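Chains as they are written, first to last, in the UniProt record's numbering: chain A, 1 to 227; chain F, 1 to 114.
Even for Gly, the Cβ is constructed at its ideal location relative to N, Cα and C.
Note that the structure is a prediction, hence the values are computed from the model and not measured.
The block underneath contains the structure these notes are about, expressed in structure tokens.
Given below as structure tokens:
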């Protein structure tokens with residue numbers, strides 16, 4: 001989860017999020033170079049006397065056409081690489097359906113018999129000591145770690161969005177439509193997210209908690225719930 | 001102790017956290033050194049202040065970006081090697097003693113049917 005006053009990304013817990021963080025660092029470095037150049041040019045302009053000596057500016061026009069093209073290529077190539085990486089077809093080990101309601105999530109494990117549950121936020125008045133306000137839920141999404149999981153997101157009433165920042169996933173939940181995304185957690189842990197599409201009065205109070213566990217623990221949990 | 005907190009959270013131009021981004025600190029430092037070398041060298045050669053400043057800024061940008069790409073490329077190679085090592089260690093544990101064990105295939109004459 002995010003710390004208070006945190007502005008940057010949360011720690012990456014999936015390979016895709018690691019790539020996104022690296023691309024973000026790359027983009028910031030390019031932005032630093034551009035800002036340095038612009039600051040210097042601003043300083044030059046402010047200290048230069050105005051004159052009308054320039055009548056032909058072929059060289060500078062060439063520079064400020066080619067340089068932005070190079071910058072765009074530097075940014076576009078890794079961006080497209082990640083974009084196609086996110087759409088790679090992998091063979092998921094598990095399919096999970098996330099259905100958005102006002103104002104809770106329903107999860108269906110269709111690979112198992114009758115494994116369906118609702119996930120409501122734990123109110124602050126009932127929150128145990130040490131737990132996170134507005135982030136904890138009564139039933140977490142349990143998934144096996146280091147396994148590709150297919151998540152099908154939809155909604156029952158209005159638009160919602162299923163988002164977990166540390167896994168690099170944000171998928172709109174649209175009534176009447178099935179959106180598919182894929183996640184792979186690199187290590188066991190608990191990952192928090194919140195609904196990311198305005199959906200009414202309690203839009204801020206329908207969090208998502210994904211708990212990634214080793215496979216034997218996941219099998220124990222699923223057999224307990226489906227029996 | 002306020003200055004210690006300031007050093008820990010320093011962000012260049014307000015957005016680049018050079019402490020936590022890999023290769024950022026070295027890129028900026030090498031860029032600064034490159035800028036000094038190129039700018040000072042040009043000034044010593046030509047005694048033109050304004051043009052030397054232009055070269056210094058250009059040298060900063062080129063050196064910083066050049067080292068950045070070099071360092072990030074090496075970092076990516078290292079991460080690929082780490083992943084291959086992790087995968088190899090896991091496969092070794094999984095397949096040790098089985099028919100899929102690559103070491104068994106290499107020393108096939110020494111191992112008898114068990």
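Between the alpha carbons of residue 96/A and residue 100/F lies a gap of roughly 33 Å. Taking 8 Å as the cut-off, the Cβ atoms of residue 199/A and residue 13/F do not count as close. By the Cβ rule, the stretch 61-80 of chain F counts as touching the stretch 25-41 of chain F, because three or more pairs are nearer than 8 Å. Residue 33/A has a beta carbon lying within less than 8 Å of a beta carbon in chain F.
For residue 151/A against residue 185/A, the beta-carbon gap comes to about 12 Å, at or over 8 Å, which does not count as contact.
Burial is judged here by how many other beta carbons sit within 10 angstroms of a residue's own beta carbon; residue 32/A has at least 16 and is buried. One thing to note: residue 23/F has its Cβ no nearer than 8 Å to the Cβ of residue 39/F.
The three-state reading of DSSP puts residue 56/F in helix, counting H, G and I together. Boundaries cannot be given for residue 10/A, as no alpha helix (DSSP H) includes it and DSSP labels it neither H nor E.
The residue from 46/F, 36/F, 76/F with its alpha-carbon nearest to that of residue 15/A is 76/F. Annotated three-state conformation of residue 25/A is helix, per DSSP.
Taking a C-beta cut-off of 8 Å against chain F, the contacting residues of the stretch 11-29 of chain A are 22, 25, 26, 28, 29, listed in chain order. With its beta carbon at least 8 Å from every one in chain A, residue 51/F lies outside the interface. The C-beta distance from residue 119/A to residue 104/A rounds to 6 Å, short enough to fall under 8 Å. Residues of chain A whose Cβ lies closer than 8 Å to the Cβ of residue 27/F are, in chain order, 29. The CB of residue 84/A never comes closer than 8 Å to any CB in chain F; the least such distance is about 17 Å. Residues of chain F with a Cβ closer than 9 Å to the Cβ of residue 8/A are, in chain order, 17, 20. Excluding residues up to 5 positions away in sequence, 98, 162, 171, 173, 179 lie with their Cβ nearer than 6 Å to the Cβ of residue 153/A in the same chain. The alpha carbon of residue 73/F has as its nearest neighbour, out of 201/A, 82/A, 22/A, 100/A, the alpha carbon of 22/A. Collapsing the DSSP output to three states places residue 30/F in a helix. Cβ proximity to chain A below 8 Å picks out nothing from the stretch 89-105 of chain F. Listed in chain order, the non-local C-beta contacts of residue 82/A below 7 Å within the same chain comprise 19, 20, 23, local neighbours out to five positions each way being set aside.
With a threshold of 8 Å between beta carbons, residue 166/A makes no contact with chain F. In summary, the residues of the stretch 40-70 of chain F whose CB is separated from some CB of chain A by less than 7 Å are 57, 60, 61, 64, 65, 68, in the order they occur in the chain. For residue 218/A, the uninterrupted alpha helix (DSSP H) run begins and ends at 215-226, by DSSP. The C-alpha of residue 177/A is placed about 23 Å away from the C-alpha of residue 112/A.
In the structure shown, residue 95/F falls within a helical segment according to DSSP collapsed to helix, strand and coil.
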